[in-house]
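Below: one structure, written as structure tokens.
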Amino acid sequence: ENEVILTDWQSVEMKMQLLKAEKNNLRVRLKETRKENRKRKRNECALHEGLVDQKRQAQELGCVKEKIALTTMEKEKLSIMLEKAQSETAKLKKKVKKLKRRSTRTKCQNRGIVSHV
Numbered sequence: 002e003n004e005v006i007l008t009d010w011q012s013v014e015m016k017m018q019l020l021k022a023e024k025n026n027l028r029v030r031l032k033e034t035r036k037e038n039r040k041r042k043r044n045e046c047a048l049h050e051g052l053v054d055q056k057r058q059a060q061e062l063g064c065v066k067e068k069i070a071l072t073t074m075e076k077e078k079l080s081i082m083l084e085k086a087q088s089e090t091a092k093l094k095k096k097v098k099k100l101k102r103r104s105t106r107t108k109c110q111n112r113g114i115v116s117h118v
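Under my numbering, the first residue of the sequence shown carries the number 2, and numbering increases by one thereafter.
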């Protein structure tokens, strides 16, 4: 009878040890799960912040593209204005040259100098 009680007691102790070991395993897995959850939340936050940054950068890029387009248009306008001004300057230089020649001829003629121009 004592042997039966001892055997029962031993089996109860073994079951208790198995339960303790399982409890410890569950604790370890719970810790790992919590750690993984914190890591996942950090990653989700970082991903969300990254998406927010990406949207902001896309908006800024859009603004920069608009500015570039406006600047390009302004540059083209200024280039056209410059060409017109250069053309006008060339015309005026020709007129000045003609006027100088006429003026020189007139002065020479008034002085009696004959020129073969």
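All C-beta atoms, glycine included, are put in the ideal place defined by N, C-alpha and C.
Computed from a predicted model, the values in this text were never measured in an experiment.
Alpha-carbon spacing of residue i relative to residue j, whole angstroms
i           : j           : result
residue 14  : residue 34  : 30 Å
residue 53  : residue 24  : 43 Å
residue 29  : residue 21  : 12 Å
residue 65  : residue 74  : 14 Å
residue 39  : residue 48  : 14 Å
residue 56  : residue 46  : 15 Å
residue 102 : residue 110 : 12 Å
residue 31  : residue 8   : 34 Å
residue 84  : residue 90  : 10 Å
residue 93  : residue 100 : 10 Å
residue 96  : residue 67  : 43 Å
CB contact below 8 Å: residue i versus chain D
i          : result
residue 53 : This model lacks chain D altogether; it includes just one protein chain.
Residue burial classification, residue i (beta-carbon count within 10 angstroms, cutoff 16)
i           : result
residue 118 : In this prediction, residue 118 has a pLDDT of 49, which is less than 50 and means its spatial position is unreliable; nothing more can be read from the coordinates.
residue 18  : exposed
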